[in-house]
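Enquirer: First the structure, which I've put down as structure tokens, then a few questions once you've had a look.
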Amino acid sequence: MLAWSGESIQEESGFCRRILSGSLSYRLFRGSTMAKMVTSRAGALERRGLSDEQLVAMLRNMLLQRQIDNRGFQLNRQGKIPFALGSEGHEAIQAGAAMAFVRGKDVLAPYYRDLGLVLGCGFTPLEMLNSMFARAADRSAGRQFPNHYTNRDLGLLSISSIIAAHVPHAVGVAYAFFYRGESGRAVLTTTGEGATSEGEWHESVNFAAVHKLPVVFLVENNSFAISTPQSAQMAIQNVADKAAGYGIPGVICDGMDPIASYAAVHEAMERARTGGGPTLVEAKCYRYLSHSTDDDDRAYRDRAAIEEARKLDPVPVFERLLLEHGVLDEERVKALKADVLRDTNEATDTAESFGYPSPSDLYTNVYEGPYEPWQ
Amino acid sequence: MNNVDAVRLALHDALVNDDRTLIMGEDVGARGNVFLITKGFLEEFGPRRIIDTPLAEASIVGVAIGMAMEGLRPIAEIQFADFIYPAFNQIVGEAAKTRYRSNGDYTCPLVIRTPYGGGVRGALSHSVSIEALFYHVPGLKILAPSTPADIKGLLTAAIEDPDPVLFLEHKKTYRSVKGEVPEGRYVIPIGKADIKKPGRDVTVISYGYNVHQALDAASRLEGENISIEVIDLRSIRPMDKGTILASVRKTRKLLIIHEDNKFGGIGAEISAMVSEEAFFDLDAPIRRLCGPDVPAMGYALPLEEEFMISTDRMLRAMRDLAAF
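Those protein sequences? They're chains A and B, same order as listed.
Counting in the numbering used here, the first sequence runs from -18 upward without gaps.
Counting in the numbering used here, the second sequence runs from 66 upward without gaps.
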């Protein structure tokens, strides 16, 4: 029997049962948790206030993420791009979190495995492909690694590859909202579970808690930091339990369920927007692919476990759910898939046709104004 | 006024003149900073603008970067330069690269102030010089002025600068160095060295506390008919190549003095640059007078004194070079 305190939305929920009886049970919900749980009943469509249109938009986002994700790996294997990162298995939490993000108001400080989240916040497939191909048209003008999204117009913070280094920046933005009295705005920042081992993650959550800042710390827990399992990362089963140490709410959501994910992140963002301070949300999800095109997970993961986890693949599961409940029909699903494939192909062709930055672009934007490098 | 007064005045003016500015650091509030630089600020500007942060240097800088990216003008304080190491990643990996990696989409107008340097019985962890650890990094600006007027003008410039600035204040000069400060608002452009004393025979380049010793030595050598030109670097990055080369081409002899150790120090870059650009203008090998190549100065007085460069050693080095 699971034990947790606090408000419980779905004790003995479908997700818990499904997980506990499945291959992921070794890592999920073992022991007790202090965190609140957000899940849906198996097979039930719990809308959480979402319209048909929003549900379909989430499915489209998940399909698009899957398509562009795979495109990155294909282009790498074709020798067209040097590197790609995949986020397969994170589609549900990211579609849900993106639906909870208010464009034009909120700020997002994502991490590198957040393709679906940034797409859902307005980043375009072409921007993503420009980044993959390192084109001059890319926002960073071909400087950044793929998946290091930047777009100030969308409120997307620029990030580095240093794990958790962006989390204090998210807190600083939240402080600016507080400082200027801009209630109704919140910052969403994301990491994997490995990032919560970093001192900067801890310092950031603590700072935000002390000042009750409008920020949500979303941890997309796929149980692996490249090859290192969660058990080597921390001595607890649930990242959300760390929240208690900071005096903020901790929430666990079914990160394979976009609607539960939306509900958890939406509630946390609303709390932040209305002066309730930060929340730590842990989304239990899975990473189906290797860490990146440069990684081979056969060195550290059992194939059978991945195959078992595939049964929980959130993209076909959510598609079936919407079909079963008549939110859309087979024709519409086919059209959506054709649509995202066309978008991905067009973005690929366009980005590929663009040029690289010129060598002289290496010397711009070091400081404001013209720059003479030291010789 | 002294150097502490100059720092305080520049900070106070910035807080009065620009609502976007705020100060954050350890003990900057009720305590008024450990050197009493921000004394009274909490009462005057309130806890939103004078933030006593948790004891965590990485987030002092990291949170300030986020504020800067969002349009505020944070002034972060690291209580002692020795404590800046936990923030190294945020300064080098993040602040210095924010503009560059986003191709100008985001900027990081941030000032990090910190007291550095020895001669105050600070031992291993309250006396280090950190400038060489950071001056390798493009995207940062590093200032180390030595007089009240320079501190006021350069700290004001740093706060108004659109890029991250590391502002170093030598502790031994805090109350020992006094000087006139111009009335009202003024800025000193970042990247300009200052010829504190013109001379003919030897160029001495230094910064921080050592500048005052070098000026003292130079004035004593007037009696020996040795004319020393003392250049206060003030800005370590960007570095004022023009002023350095013009002076060296005039005196044809160069002595570089800094408290930080020699290996890979600021003097290494200056001497390499002068060798590349003005080798045939030199009448003597470039000489560097620096702290010893040991991890730090000790707490015991003889250990500290051995580490710090005495004015007598400066006198000898200047005489030797003049006679070369």
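Just so it is clear, CB atoms sit at the ideal spot from N, CA and C, and this is done for glycine as well.
CA-CA distance, A:Phe335 and A:Glu353?
Expert: Counting from one through the first sequence, the residue named residue 335 of chain A turns up at place 354. Counting from one through the first sequence, the residue named residue 353 of chain A turns up at place 372. Going by the C-alpha atoms only, they are around 28 angstroms apart.
Enquirer: Starting from B:Thr268, trace the beta strand (DSSP E) both ways and give me its first and last residue.
Expert: Residue mapping note: residue 268 of chain B aligns to position 203 of the second sequence, counting from 1. Residues Val267 to Ser271.
Enquirer: What does a CB cutoff of less than 6 angstroms around B:Ser192 pick up in its chain, not counting 5 residues either side in sequence?
Expert: Within the second sequence, the letter at position 127 stands for residue 192 of chain B. Hits under 6 angstroms: Gly183 and Met362.
Enquirer: When the distance is taken between beta carbons, is A:Asp50 closer than 8 angstroms to A:Ser68?
Expert: Translated into positions along the first sequence, residue 68 of chain A becomes position 87. Translated into positions along the first sequence, residue 50 of chain A becomes position 69. Contact flag set, yes.
Enquirer: Does A:Phe82 have its Cβ less than 8 angstroms from a Cβ in chain B?
Expert: Locating residue 82 of chain A in the first sequence gives position 101, counting from the first residue. It does not: the Cβ of A:Phe82 has no partner Cβ on chain B nearer than 8 angstroms.
Enquirer: Between the region 115 to 132 of chain B and the region 87 to 103 of chain B, can you find at least three pairs of beta-carbon atoms closer than 8 angstroms?
Expert: Inter-segment contact for the region 87 to 103 of chain B and the region 115 to 132 of chain B is present: three or more beta-carbon pairs are separated by less than 8 angstroms.
Enquirer: Taking C-beta pairs closer than 7 angstroms, name the residues in chain A that B:Asp228 reaches, listed in chain order.
Expert: Start at 1 with the first residue of the second sequence, and residue 228 of chain B comes out as number 163. Ordered by position in chain A, the residues that pass the 7 angstroms Cβ test against B:Asp228 are Tyr348 and Glu349.
Enquirer: Name the two residues that bound the continuous beta strand (DSSP E) containing B:Gly90.
Expert: Taking the second sequence and counting its residues from 1, one reaches residue 90 of chain B at position 25. Its beta strand (DSSP E) spans residues Thr86 to Gly90.
Enquirer: Can you give me the C-alpha to C-alpha distance between B:Ala71 and B:Lys318, rounded to a whole angstrom?
Expert: Numbered from 1 along the second sequence, position 6 holds the residue referred to as residue 71 of chain B. Numbered from 1 along the second sequence, position 253 holds the residue referred to as residue 318 of chain B. Whole-angstrom Cα-Cα distance: 34 angstroms.
Enquirer: Where DSSP assigns a beta bridge to A:Thr170, which residues make up the other side?
Expert: Here residue 170 of chain A is taken as the residue at index 189 of the first sequence, counted from 1. DSSP, once it has assigned bridges, lists A:Ala90 and A:Phe198 as partnering A:Thr170.
Enquirer: According to DSSP, simplified to helix, strand and coil, what is A:Asp276?
Expert: In the first sequence, residue 276 of chain A corresponds to position 295, counting from 1. Coil, per DSSP.
Enquirer: Using a Cβ-Cβ cutoff of 7 angstroms, what residues of the region 177 to 206 of chain A are near chain B? List them in chain order.
Expert: Gly180, Glu181, Glu184, Ser185, Asn187, Phe188 and Val191
Enquirer: What is the DSSP secondary structure of B:Lys206, reduced to helix, strand or coil?
Expert: The residue labelled residue 206 of chain B in the question sits at position 141 within the second sequence. Strand at B:Lys206.
Enquirer: List the residues that DSSP assigns as beta-bridge partners of B:Ala295.
Expert: As a working mapping, residue 295 of chain B is identified with position 230 in the second sequence. In the sequence as presented, Ala is not what sits at residue 295 of chain B; that position holds Val. Its beta-bridge partners are B:Lys262 and B:Val269.
Enquirer: Cα separation between A:Glu300 and A:Ile233?
Expert: The residue labelled residue 300 of chain A in the question sits at position 319 within the first sequence. The residue labelled residue 233 of chain A in the question sits at position 252 within the first sequence. Using only the alpha carbons, I get a separation of about 23 angstroms.
Enquirer: Using a Cβ cut-off of 8 angstroms (strictly closer), state whether A:Ser339 contacts chain B.
Expert: Indexing the first sequence from 1 puts residue 339 of chain A at position 358. No, A:Ser339 lies away from the interface with chain B (no Cβ there is under 8 angstroms from its Cβ).
Enquirer: Against chain B, does A:Ile143 count as a neighbour if the rule is that its beta carbon must be under 8 angstroms from one of theirs?
Expert: As a position in the first sequence, residue 143 of chain A is number 162, starting the count at 1. With 8 angstroms as the cut-off, A:Ile143 counts as an interface residue toward chain B.
Enquirer: For A:Val347, which three-state DSSP category applies?
Expert: Locating residue 347 of chain A in the first sequence gives position 366, counting from the first residue. Of the three classes helix, strand and coil, the one that applies to A:Val347 here is coil, per DSSP.
Enquirer: Only counting the same chain, and skipping five residues up and downstream in sequence, which positions put a Cβ closer than 7 angstroms to that of A:Tyr48?
Expert: Here residue 48 of chain A corresponds to residue number 67 of the first sequence, with the count starting at 1. Reading off the sequence shown, one finds Gln at residue 48 of chain A, where the question assumed Tyr. The answer, listed in chain order, is Val321, Leu322 and Thr325.
Enquirer: Considering B:Asp325, what are the terminal residues of the beta strand (DSSP E) in which it resides?
Expert: Indexing the second sequence from 1 puts residue 325 of chain B at position 260. Residues Leu319 to Asn326.
Enquirer: Using a C-beta to C-beta distance shorter than 7 angstroms, which residues of chain B count as neighbours of A:Ser139?
Expert: As a position in the first sequence, residue 139 of chain A is number 158, starting the count at 1. In chain order: Thr163, Arg166, Ser167, Asp170 and Tyr171.
Enquirer: Taking CB distances under 8 angstroms as the criterion, tell me whether B:Gly363 reaches chain A.
Expert: The sequence position of residue 363 of chain B within the second sequence is 298, counting from 1. Not closer than 8 angstroms to any Cβ of chain A, the Cβ of B:Gly363 fails to qualify, so no.
Enquirer: Under 8 angstroms, Cβ to Cβ, is there at least one residue of chain A near B:Asn154?
Expert: For the purposes of this step, residue 154 of chain B is taken as residue 89 along the second sequence, with counting starting at 1. With 8 angstroms as the cut-off, B:Asn154 counts as an interface residue toward chain A.
Enquirer: Report yes or no: do three or more beta-carbon pairs, one from the region 218 to 231 of chain A and one from the region 151 to 165 of chain A, lie closer than 8 angstroms?
Expert: no
Enquirer: Output, in chain order, the set of chain B residues within a Cβ distance shorter than 9 angstroms of A:Thr131.
Expert: The residue you call residue 131 of chain A lines up with position 150 of the first sequence. The answer, in chain order, is Arg166, Ser167, Asn168, Asp170 and Tyr171.
Enquirer: Any beta carbon from chain A within less than 8 angstroms of B:Val99's own beta carbon?
Expert: Numbered from its first residue, the second sequence carries residue 99 of chain B at position 34. Taking Cβ atoms only, chain A never reaches closer than 8 angstroms to B:Val99, which makes this a no.
Enquirer: Quick check on A:Tyr130: does DSSP put it in helix, strand or coil?
Expert: Your numbering for residue 130 of chain A matches position 149 in the first sequence. Here DSSP, grouped into helix, strand and coil, assigns A:Tyr130 to coil.
Enquirer: Is there a Cβ of chain B sitting closer than 8 angstroms to that of A:Val246, yes or no?
Expert: For this step, residue 246 of chain A is matched to residue 265 along the first sequence. It does not: the Cβ of A:Val246 has no partner Cβ on chain B nearer than 8 angstroms.
Enquirer: Let me confirm a value: A:Ser2 is counted as buried when at least 16 other C-beta atoms fall within 10 Å, else exposed. Which label applies?
Expert: Start at 1 with the first residue of the first sequence, and residue 2 of chain A comes out as number 21. Only weak support exists for where A:Ser2 lies, its pLDDT of 37 falling under 50; the coordinates are left without a value.
Enquirer: So, is the C-beta of A:Gly228 closer than 8 angstroms to a C-beta in chain B?
Expert: The residue you call residue 228 of chain A lines up with position 247 of the first sequence. Chain B contact via Cβ: absent.
Enquirer: Of the choices B:Thr316, B:Ala188, B:Arg96 and B:Ala214, whose alpha-carbon is the least far from that of B:Glu371?
Expert: In the second sequence, the residue the question calls residue 371 of chain B occupies position 306. When each option's Cα is compared against that of B:Glu371, the closest is B:Ala188.
Enquirer: Determine the DSSP secondary structure at A:Leu270, reduced to helix, strand or coil.
Expert: Translated into positions along the first sequence, residue 270 of chain A becomes position 289. Three-state DSSP puts A:Leu270 in coil, outside helix and strand.
Enquirer: Just to confirm my understanding: we take A:Asp277, look at its own chain, exclude 5 residues before and 5 after, and list those with CB closer than 8 angstroms. What are they?
Expert: Here the question's residue 277 of chain A lines up with position 296 in the first sequence. So the qualifying residues of the chain are Ser271.
Enquirer: What does A:Ile229 pair with, by DSSP beta-bridge criteria?
Expert: Position 248 of the first sequence, counted from the start, is the residue given in the question as residue 229 of chain A. Looking at the DSSP output, A:Ile229 shares a beta bridge with no other residue.
Enquirer: Of all the residues that make up the region 151 to 162 of chain A, which are near chain B by a beta-carbon distance shorter than 9 angstroms?
Expert: Ala151, Val152, Gly153, Val154, Ala155, Tyr156, Ala157, Phe158, Phe159, Tyr160 and Arg161
Enquirer: Quick check: what's the CA-CA separation for B:Asp215 versus A:Gly231?
Expert: One-based indexing of the second sequence puts residue 215 of chain B at position 150. One-based indexing of the first sequence puts residue 231 of chain A at position 250. Taking the straight line joining both Cα atoms gives about 50 angstroms.
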